[in-house]
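Novice: The structure under discussion is supplied below as structure tokens; questions concerning it will follow.
2 protein chains.
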Amino acid sequence: VARLQADPLPGLPEVRPGDDLGALLTAAAARLPGGLADGDVLAVAHKVVSKAEGRVRALADVMPGARARALAAEHGKDPRLVEVILGETAALVRADRGRLICRTHHGFVCANAGVDASNATAPDAVVLLPADPDASARALRAALRAGLGVAPAVVITDSFGRAWRMGQCETAIGCAGLAPLDDWRGRADNAGRELTATVIAVADEAAAAADLARAKASREPAVRLRGLAAHVGADDGPGAAALLRAPEDDLFA
Amino acid sequence: VARLQADPLPGLPEVRPGDDLGALLTAAAARLPGGLADGDVLAVAHKVVSKAEGRVRALADVMPGARARALAAEHGKDPRLVEVILGETAALVRADRGRLICRTHHGFVCANAGVDASNATAPDAVVLLPADPDASARALRAALRAGLGVAPAVVITDSFGRAWRMGQCETAIGCAGLAPLDDWRGRADNAGRELTATVIAVADEAAAAADLARAKASREPAVRLRGLAAHVGADDGPGAAALLRAPEDDLFA
């Protein structure tokens with residue numbers, strides 16, 4: 001058995017607003033050899049969470065305001081899409097060449113405030129981030145516990161761009177039952193020296209590992225990670241909110 | 254068999270300057286059930302690469318210059334350590350509260366220009382990043398090919414802090430044989446819509462996945478990833494240099 005294993009749950013249907021995602025994941029888990037167990041981590045791409053929660057907007061229903069129209073004209077974007085993005089945005093961090101980098105109301109810094117047109121349910125529909133991804137993760141974990149009698153951790157993920165580096169990495173935006181950070185400060189390395197500044201973003205690394213096991217264009221939003229039991233607890237824990245760095249403490253930004 | 258599997262190579266000795274790391278990895282791979290195969294990715298923590306390459310400095314031998322002494326006094330750091338950091342630094346991005354965020358000569362933006370005192374070979378010794386991590390990855394791949402008759406991809410990694418988020422993620426600083434980016438732009442999603450801006454930083458996600466399989470304080474610098482063959486090629490490819498975003502094109506920074 002490998003130290004760490006990642007396997008997509010098979011046979012999830014297209015998810016639509018109002019669907020019971022917990023029940024769909026429970027059923028899909030039963031079709032995966034080995035199922036789900038305590039100590040597993042189930043990484044779920046946020047799109048299916050957002051769709052089940054109705055966090056979808058039809059652009060035809062959106063009336064762009066003055067600020068959205070001005071930004072859209074400046075950046076060559078659909079003013080209705082910009083209106084939806086601004087609704088999700090606490091602060092516009094950067095805007096240039098058609099790209100809007102936003103700090104969302106949750107505190108995530110990402111392109112278009114996480115609003116995405118790909119993999120939406122209908123043409124002209126866009127998918128938002130869940131309103132409270134940590135609460136979504138806790139609810140999914142509770143549903144899995146109720147349906148399966150075990151309580152794997154749940155991580156909800158999205159792909160974020162990064163400063164200084166090309167490409168996107170899958171990132172944890174919500175979690176329940178997984179310790180998001182593994183703090184090695186004060187512990188000794190193998191030469192007995194104290195490790196002074198090593199705090200590992202376990203939830204983000206788990207999101208990344210799950211993404212590698214997923215065929216992006218196929219319907220594999222949920223991936224079981226096995227081998228992270230040391231980071232999984234009975235308590236839901238602080239959630240991915242603990243991964244947000246306070247702006248005033250952020251040397252990197 | 255899991256879609257993605259990660260397993261540390263067992264029994265690597267402490268690595269010292271001048272050691273033949275390719276030979277050590279070849280021998281360790283023979284002790285891992287299943288060994289190494291074409292299509293595998295071997296993720297190697299940079300520390301052992303740097304040590305084998307002699308990228309270690311004894312602070313006792315370092316004479317801090319005026320700038321290092323001034324920065325050290327301002328930030329409560331060892332002036333000899335700051336001298337080593339400045340030697341690795343193309344630009345000081347941020348300096349505050351004892352932390353120096355640097356753009357290295359390679360172009361990486363990270364704390365202390367990647368200079369690290371933990372897991373060093375001797376007290377008062379610090380480990381630098383490899384001088385050319387992509388070249389190091391190519392050399393290790395060639396050594397594995399010569400020793401094993403197969404050519405797994407090689408990724409060299411370090412843990413980097415990130416803007417906006419707490420904790421560090423393991424990140425690719427060198428690679429050979431692994432396509433560092435998987436560009437989905439222009440391909441269709443499962444509704445037939447074009448995915449407009451999805452470029453996945455596969456090498457960084459691979460580094461993160463490998464880190465989760467590794468016990469940080471034990472001697473497990475090398476991790477085999479199995480299941481990424483779609484991203485592995487016979488050519489060494491562009492290396493992790495392709496992951497560096499040009500500063501003038503960086504909306505996130």
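Protein chains in written order, with our numbering: chain V, 1 to 253; chain C, 254 to 506.
We put the beta carbon where it would ideally sit given N, CA and C, even for glycine.
Between the C-alpha atoms of residue 479/C and residue 388/C, what's the straight-line distance to the nearest angstrom?
Specialist: Straight-line Cα distance between these residues: approximately 23 Å.
Novice: Nearest-angstrom Cα distance between residue 100/V and residue 451/C?
Specialist: Approximately 15 Å between the Cα atoms of the pair.
Novice: DSSP puts residue 223/V in a beta bridge; with which residues?
Specialist: Beta-bridge pairing links residue 223/V to 8/V and 43/V.
Novice: Counting contacts by CB-CB distance shorter than 8 Å, is residue 408/C in contact with chain V?
Specialist: No - not a single Cβ of chain V is within 8 Å of the one on residue 408/C.
Novice: Got a sec, what are the start and stop residues for the beta strand (DSSP E) residue 151/V sits in?
Specialist: First-last for residue 151/V: undefined, no H or E at that position.
Novice: Taking DSSP as the reference, what is the three-state secondary structure of residue 394/C?
Specialist: Three-state DSSP puts residue 394/C in a helix.
Novice: Output the residue ranges of the beta strand (DSSP E) runs that lie fully inside the segment 263-335 of chain C and measure 3 residues or longer, sorted by chain position.
Specialist: List check, beta strand (DSSP E) in window: 294-298 and 309-311.
Novice: Give the interface partners of residue 7/V over in chain C, defined as CB-CB distance under 9 Å, in chain order.
Specialist: Within 9 Å Cβ-Cβ: 255, 256 and 257.
Novice: The beta strand (DSSP E) with residue 384/C in it runs from where to where?
Specialist: Here residue 384/C belongs to no beta strand (DSSP E), and DSSP marks it neither H nor E.
Novice: Are the C-beta atoms of residue 200/V and some chain C residue less than 8 Å apart?
Specialist: Taking Cβ atoms only, chain C reaches closer than 8 Å to residue 200/V, which makes this a yes.
Novice: Kindly indicate if chain C contains any beta-carbon less than 8 Å away from that of residue 36/V.
Specialist: False, the Cβ-Cβ gap to chain C never drops below 8 Å.
Novice: Which one or two residues does DSSP pair with residue 232/V in a beta bridge?
Specialist: In the DSSP output, where bridge partners are listed per residue, residue 232/V has 178/V.
Novice: Using only the alpha-carbon positions, how far apart do residue 249/C and residue 20/V sit?
Specialist: Given that chain C is displayed from residue 254 to residue 506, the structure contains no residue 249/C and the question cannot be resolved.
Novice: In angstroms with no decimal places, state the Cα-to-Cα distance between residue 3/V and residue 37/V.
Specialist: Looking at the two C-alpha atoms, the distance is approximately 16 Å.
Novice: First and last residue of the beta strand (DSSP E) that includes residue 91/V?
Specialist: Start and end: 89-96.
Novice: For the alpha helix (DSSP H) that contains residue 462/C, what are its first and last residues?
Specialist: That run of the alpha helix (DSSP H) goes 455-465.
Novice: At which residues does the beta strand (DSSP E) containing residue 99/V begin and terminate?
Specialist: Unbroken beta strand (DSSP E) run through residue 99/V: 99-104.
Novice: Can you find a C-beta in chain V that's less than 8 Å from the C-beta of residue 480/C?
Specialist: Yes, its Cβ sits closer than 8 Å to a Cβ of chain V.
Novice: So is residue 14/V buried or exposed if we call it buried at 16+ other beta carbons inside 10 Å?
Specialist: Exposed is the call here.
Novice: Could you name the residues of chain V that residue 423/C contacts, counting a contact when the two beta carbons are closer than 7 Å?
Specialist: By Cβ distance, chain V contributes 205.
Novice: With H, G and I counted as helix, E and B as strand and the rest as coil, what does DSSP make of residue 452/C?
Specialist: Of the three classes helix, strand and coil, the one that applies to residue 452/C here is strand, per DSSP.
Novice: Counting only Cβ pairs nearer than 8 Å, list the residues of chain C close to residue 242/V.
Specialist: 419, listed in chain order.
Novice: According to DSSP, residue 497/C sits in a beta bridge with which residue or residues?
Specialist: 165/V, per the DSSP bridge assignment.
Novice: Does DSSP classify residue 115/V as helix, strand or coil?
Specialist: It is coil, neither helix nor strand.
Novice: Compute the Euclidean distance between the alpha carbons of residue 265/C and residue 495/C, then round it to the nearest angstrom.
Specialist: When rounded, the distance between both Cα atoms is 30 Å.
Novice: My assumption, with CB atoms under 8 Å, is that residue 237/V sits in contact with residue 177/V. Please give the rounded CB distance.
Specialist: Their Cβ separation, rounded to whole angstroms, is 7 Å, which keeps residue 237/V and residue 177/V in contact under 8 Å.
Novice: Going by beta carbon distance, what residues of the same chain come within less than 7 Å of residue 45/V, once the five residues before and after it are set aside?
Specialist: Within the same chain, residue 45/V has close Cβ partners 157 and 221.
Novice: Checking 8 Å against the spacing of the C-beta atoms, do residue 111/V and residue 161/V come in under that value?
Specialist: Contact: yes.
Novice: Per DSSP, which residues does residue 436/C bridge with? Please list them.
Specialist: For residue 436/C, which the question treats as bridged, DSSP gives the partners 452/C.
Novice: Looking at the strands, I want to know which residues DSSP matches up with residue 254/C.
Specialist: BP columns for residue 254/C are empty, so no partner.
Novice: Hey, is residue 212/V's beta-carbon within less than 8 Å of any beta-carbon in chain C?
Specialist: Yes - at least one Cβ of chain C is within 8 Å of the one on residue 212/V.
Novice: When you compare only the Cα positions, how much space is there between residue 425/C and residue 33/V?
Specialist: Taking the straight line from one Cα to the other gives about 32 Å.
Novice: Got a sec: is the Cβ-Cβ distance from residue 303/C to anything in chain V below 8 Å?
Specialist: No, residue 303/C does not count as interfacial toward chain V.
Novice: Starting from the Cα of residue 48/V, find the closest Cα among 65/V, 137/V, 35/V and 73/V and give me that residue.
Specialist: Of the candidates 65/V, 137/V, 35/V and 73/V, the one whose C-alpha sits nearest the C-alpha of residue 48/V is 137/V.
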